[in-house]
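The opening position of the sequence shown corresponds to residue 3 in our numbering, with each subsequent residue numbered one higher.
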Amino acid sequence: MISKTHPRYQSLLLRDKVKNAFKEGYLADTGMIAHGRGETFDYLIGEKTTETAKKACEAAVATILLAENPVLSVNGNTTALAIDEIIELAKATDSKIEINLFYRTPERVEIITRMFKERGWEDILGTNEEELAYIDNLNSPRATASREGSYMADVMLVPLEDGDRAEVLVQNGKKIICIDLNPLSRTAKMSTISIVDNVVRAVPLMTKIANEFKESGKDKDREFLENIVNNFSNEQNLKDSLASIKLK
Ligand code: PTJ
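Listed below in structure tokens is the structure:
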């Protein structure tokens with residue numbers, strides 16, 4: 003039991019979620035290493051959403067709302083840290099949710115599927131081995147793609163993953179939005195929009211932005227959304243993210 007008065011309470015809470023997810027069998031063992039790397043970058047940006055990340059979140063939401071077939075991809079870490087938040091974002095943006103695992107095993111797929119269904123999200127994609135398609139030029143289980151989901155998707159959110167897939171998906175003409183605390187990662191460099199923030203903060207912020215757009219009717223205003231997207235430079239945003247890392 004972690005005491006709420008502990009100065010590192012939030013960080014310890016996330017560690018606990020990751021550890022429990024590993025014990026429950028759906029988080030890859032190396033997912034714990036990935037979490038540690040993320041933690042380091044989070045520490046360096048001050049464990050807060052920067053103004054730079056907010057801009058990227060806005061551009062990401064605008065891009066998703068403009069999409070024909072947006073898909074939110076989830077892996078072990080994202081499920082452990084932000085399953086409820088991902089469901090909320092999918093509802094707010096009319097997106098599909100698809101399981102995509104680098105260390106894919108039937109057991110992990112089954113547990114994650116069950117977790118989504120227990121929360122009322124029945125239509126989780128990427129689970130039926132027989133119906134899966136495979137993305138060319140990707141030699142890992144990350145290549146799996148459901149036909150009605152990521153195979154067809156024009157926009158995809160890929161939180162917290164290794165760089166191989168983002169690069170290939172962008173080459174395939176898709177708009178890729180990543181959430182990655184490391185602004186120097188291959189995923190961040192290859193993606194169309196890179197949100198340099200913790201998945202636990204970025205996903206709810208995206209939902210908030212989407213709901214604000216909806217309340218003001220701007221979610222249907224293509225010109226408004228396109229303006230946000232056109233005024234966003236991922237290259238500049240990544241430079242600003244790097245600058246927000248405090249080394250003293
Ligand atoms: O569940 P699987 O089988 O798909 O495997 C998932 C992992 C995470 C193990 C796999 O994708 C992997 O090895 O990823 P990498 O190459 O370690 O990259 C993960 C990236 O996410 C790193 O750049 C981390 O800095 C970043 N990261 C870690 N935790 C967070 C994060 N970014 C945002 N929020 C976090 N909480």
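In this text, a Cβ means the ideal position worked out from N, Cα and C, and glycines have one as well.
Note that this is a predicted model, so its numbers are computed, not measured.
Supposed contact pair residue j and residue i - C-beta distance, whole angstroms, cut 8 Å
{"i": "E100", "j": "L127", "result": "4 Å"}
{"i": "T209", "j": "E87", "result": "7 Å"}
{"i": "N236", "j": "T54", "result": "With a Cβ gap of about 11 Å, N236 and T54 do not count as contacting."}
{"i": "A212", "j": "L67", "result": "7 Å"}
{"i": "I4", "j": "D18", "result": "6 Å"}
Nearest residue (CA-CA) to residue i, options the options
{"i": "A94", "options": "L15, S243, N236 and L207", "result": "L207"}
{"i": "A190", "options": "I230, A212, S152 and K241", "result": "K241"}
{"i": "E60", "options": "E228, N102, L244 and L249", "result": "E228"}
{"i": "S97", "options": "E112, N77 and W123", "result": "W123"}
{"i": "E26", "options": "R116, H8 and A58", "result": "R116"}
{"i": "D31", "options": "E225, T146, E120 and T107", "result": "T107"}
{"i": "I181", "options": "L74, R10, Q12 and S5", "result": "L74"}
{"i": "G151", "options": "V76, E217 and A245", "result": "V76"}
{"i": "R188", "options": "Q173, A168, S246 and V172", "result": "A168"}
{"i": "L91", "options": "S142, G33 and P161", "result": "P161"}
Beta carbon of residue i nearer than 8 Å to that of residue j
{"i": "M158", "j": "I137", "result": "no"}
{"i": "F104", "j": "E49", "result": "no"}
{"i": "A155", "j": "N71", "result": "yes"}
{"i": "L29", "j": "A23", "result": "yes"}
{"i": "R144", "j": "N102", "result": "yes"}
{"i": "L140", "j": "V170", "result": "yes"}
{"i": "V231", "j": "A64", "result": "yes"}
{"i": "M192", "j": "G219", "result": "no"}
{"i": "R39", "j": "N130", "result": "no"}
Three or more C-beta pairs closer than 8 Å, one from the segment 182-198 and one from the segment 28-46: is that the case here? The segment 182-198 is in contact with the segment 28-46.
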